[in-house]
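Just so we're aligned, residue 81 is where the sequence shown starts under the numbering used here, counting upward by one. Even for Gly, the Cβ is constructed at its ideal location relative to N, Cα and C. Data block below; observations after.
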Amino acid sequence: MEHTIITITLLLALFALLGGGVWVALSLIGVGIIGMELFGGAPAGSILASTSWASSASWTLTALPLFIWMGEILYRTRLSEDMFKGLSPWMRGLPGRLLHVNVFGCGIFAAVSGSSAATAATIGRISLPELKSRGYPDKIAMGSLAGAGTLGLLIPPSIMMIVYGVAAQVSISRLFIAGILPGLLLLAIFSGFLMLWAMFNRDKLPEETQALPFLEKLRGSKLLIPVVLLIVAVIGSIYAGFATATEAAAVGVVGALLIALCSGSLSRETFMASLMGAVCTSCMIFFILLGAAYLTSAMSFTGLPSALADWIIAKQLSPYLLLLALTLLFIVLGCFLDGISIILLTTAVVLPAVQAAGIDLLWFGIFVILVVEMAQITPPVGFNLFVIQNLTGYDMWKVAKASFPFFLLLVLAAILITAFPQIVLLLPQAMRGI
């Protein structure tokens, strides 16, 4: 009964603060202070001071601003335009033709960005006008972009993986490698769905243009070579054990600057804009990390995480039933919070329960990120929906309706990695030197 009262009190405090428009980080700190003062039995101020230092003085976290900066640099280049020109000749032979540019373009940019919203915005600002001008239906174009944009969270380097790795004390390098096969699986599922859709909706697609010669396709693909080399340098160095995630992030920043310089997109203005964009995003994430770390400490003093873990052990809940319950919880939270806040808000309470159920924390990290991807396309706070709404001018519910089939495809991917966990664990188990 005591833990029930604590849970209800803290939840009411959290929703009151968030509903009142208080920043997520300040809401987390506020709930932590309430928990410490009412139920923790420890000095709230002293714990806040020590937790703030402990949560920020981490060398691992240096990868976060570096990967964010890499994405910001490439966001301000002509990368999206180059991708469309480089990919579109190869997509013409597939059922659905240029619709696949959204999927493969997002997959490539996700591997150098780490952000779902940035991926959707970068690819969408070129692909959506192009597809519309060529006669492709807006609904499937918006839906495929919203769904494929979520690849920014799953395909490494992912900002969400860094946040989860720090919160759960799991190797970020291993998380990056674990996300490769699930990311490719999701890309294949999206592309396969577009092929099926095209086969049943031939009348909605524009007439096929004349196929380009093979040499012409290769000539267009040279625009993608610098990006592919950057992906190989970043992910390959981690997988081979030559570099940590932080060192690979530094390589990524240098590579992104070289790509921007060679493409003529690097100027003083774009450099400063990318730098300030990375600073703003990093500060926001670090502030939320601080609030979440303090809330985690407060939770440990109240005894809620251990009580929940003991309850799960006593009830002998199966891992599948626990994962189903957590999936529903994350989807509901996704209607109100962004992905980083969801992970940091729930980590303190959920991870002890997950460990009690015997679930691998590395596998669970990829599962959580996949479920959080669903939250990116659920109204009213799905960030990808906001991005596409701004790009198209359509209302939120029309964009959400167009995205719904891809939400179901994300559910399918979550089921597949649950049924076949080696999809996640195969590559990390084969890693050398990590």
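Candidates the options: closest to residue i by CA position
i	options	result
isoleucine 109	Gly101, Ala122 and Leu94	Leu94
serine 213	Leu234, Glu287, Met356 and Gly100	Glu287
isoleucine 148	Leu208, Ala137 and Met241	Met241
phenylalanine 322	Leu310, Met511 and Leu128	Met511
aspartate 162	Leu408, Ala493 and Arg299	Arg299
isoleucine 85	Gly101, Gly115 and Ala96	Gly115
threonine 472	Leu402, Gly204 and Thr324	Gly204
alanine 197	Ile188, Lys219 and Gly232	Gly232
glycine 462	Gly229, Ser386 and Leu267	Gly229
glycine 227	Phe500, Ile368, Pro485 and Leu506	Pro485
cysteine 342	Pro306, Thr326 and Ile365	Pro306
valine 479	Gly272, Leu261 and Ile220	Ile220
isoleucine 368	Ile127, Ser136 and Ala122	Ser136
tyrosine 474	Ala494, Ser168 and Gly223	Gly223
leucine 496	Val102, Thr140, Leu304 and Pro262	Pro262
threonine 324	Thr140, Val102, Ser126 and Pro123	Thr140
isoleucine 260	Ser238, Gly245 and Ile127	Ser238
serine 138	Ala340, Leu370 and Val331	Leu370
threonine 382	Ser483, Ser253 and Val429	Val429
Close beta carbons around residue i, own chain, < 8 angstroms, minus the five adjacent residues each side
i	result
tryptophan 477	Pro459
leucine 177	Note that residue 177 is arginine in the sequence shown here, rather than leucine. Around arginine 177: Met171, Ala278, Leu285 and Glu288.
isoleucine 422	Phe410, Leu413, Gly414, Val452 and Ala455
isoleucine 311	Ile188, Ala191 and Val192
proline 399	Ala437, Gly438 and Ile439
glycine 100	none
leucine 505	Ala258, Asp440, Leu442 and Trp443
isoleucine 206	Ser160, Glu161, Met163 and Phe164
Between the CA atoms of residue j and residue i - distance to the nearest angstrom
i	j	result
valine 333	isoleucine 449	24 angstroms
histidine 83	alanine 105	24 angstroms
leucine 375	aspartate 390	20 angstroms
serine 380	glutamine 509	32 angstroms
leucine 489	glutamine 502	20 angstroms
valine 314	valine 250	19 angstroms
glutamate 210	phenylalanine 466	20 angstroms
aspartate 283	valine 308	35 angstroms
glutamine 469	glycine 120	44 angstroms
alanine 134	valine 181	44 angstroms
isoleucine 514	asparagine 281	A caution first: isoleucine 514 carries a pLDDT of 49, below 50, which makes its placement in the model unreliable, though a value can still be read off. Approximately 48 angstroms between the Cα atoms of the pair.
threonine 142	methionine 352	20 angstroms
alanine 258	isoleucine 318	12 angstroms
alanine 144	serine 362	According to the sequence provided, residue 144 is leucine. The question's alanine does not apply to it. About 7 angstroms.
alanine 129	leucine 425	19 angstroms
alanine 329	glycine 151	11 angstroms
leucine 384	threonine 498	27 angstroms
proline 217	glycine 316	38 angstroms
isoleucine 235	glutamate 117	41 angstroms
threonine 350	alanine 336	12 angstroms
phenylalanine 487	leucine 408	13 angstroms
serine 195	asparagine 464	10 angstroms
leucine 492	serine 126	46 angstroms
phenylalanine 447	leucine 406	10 angstroms
leucine 402	leucine 255	22 angstroms
alanine 320	leucine 507	11 angstroms
leucine 276	alanine 122	59 angstroms
threonine 131	glutamine 435	23 angstroms
leucine 208	glycine 215	11 angstroms
threonine 326	glycine 272	35 angstroms
alanine 433	threonine 87	15 angstroms
alanine 387	valine 243	25 angstroms
Close Cβ partners of residue i (< 7 angstroms) along its chain, the five nearest in sequence each way excluded
i	result
alanine 248	Thr427, Leu431, Leu441 and Gly445
glycine 419	Leu233, Met240, Val452, Ala455 and Gln456
phenylalanine 500	none
alanine 378	Gly112, Gly115, Met116 and Gly120
leucine 397	Ala437
Residues near residue i by beta carbon distance below 6 angstroms, same chain, minus five either side
i	result
threonine 89	none
leucine 174	His180
leucine 97	Ser107 and Gly110
alanine 201	Val467
Quick check for students: name the residue ranges of the beta strand (DSSP E) that lie wholly in the stretch 188-264, counting only runs of 3 or more.
none
Report the residue ranges of all alpha helix (DSSP H) runs contained in full by the stretch 442-512; include only those spanning at least 4 residues, in chain order.
463-472, 476-499 and 502-510
Does the structure place the stretch 110-130 close enough to the stretch 331-348 that three or more beta carbon pairs sit under 8 angstroms?
no
Taking the runs of the alpha helix (DSSP H) that are 4 residues or longer, which of them lie wholly in the stretch 286-357?
294-301, 305-319 and 325-342
Is the stretch 264-271 close to the stretch 177-190, with three or more CB pairs under 8 angstroms?
yes
Pair every Cβ in the stretch 348-362 with every Cβ in the stretch 141-158, then say whether three or more of these pairs are closer than 8 angstroms.
yes
Complete alpha helix (DSSP H) runs within the stretch 370-414 (minimum length 4 residues, chain order)
384-395 and 399-414
Along the chain, which unbroken stretches of the alpha helix (DSSP H) at least 4 residues long are found entirely within the stretch 83-155?
For the stretch 83-155, whole alpha helix (DSSP H) runs of length 4 or above, ordered along the chain, are 104-115, 124-136 and 143-155.
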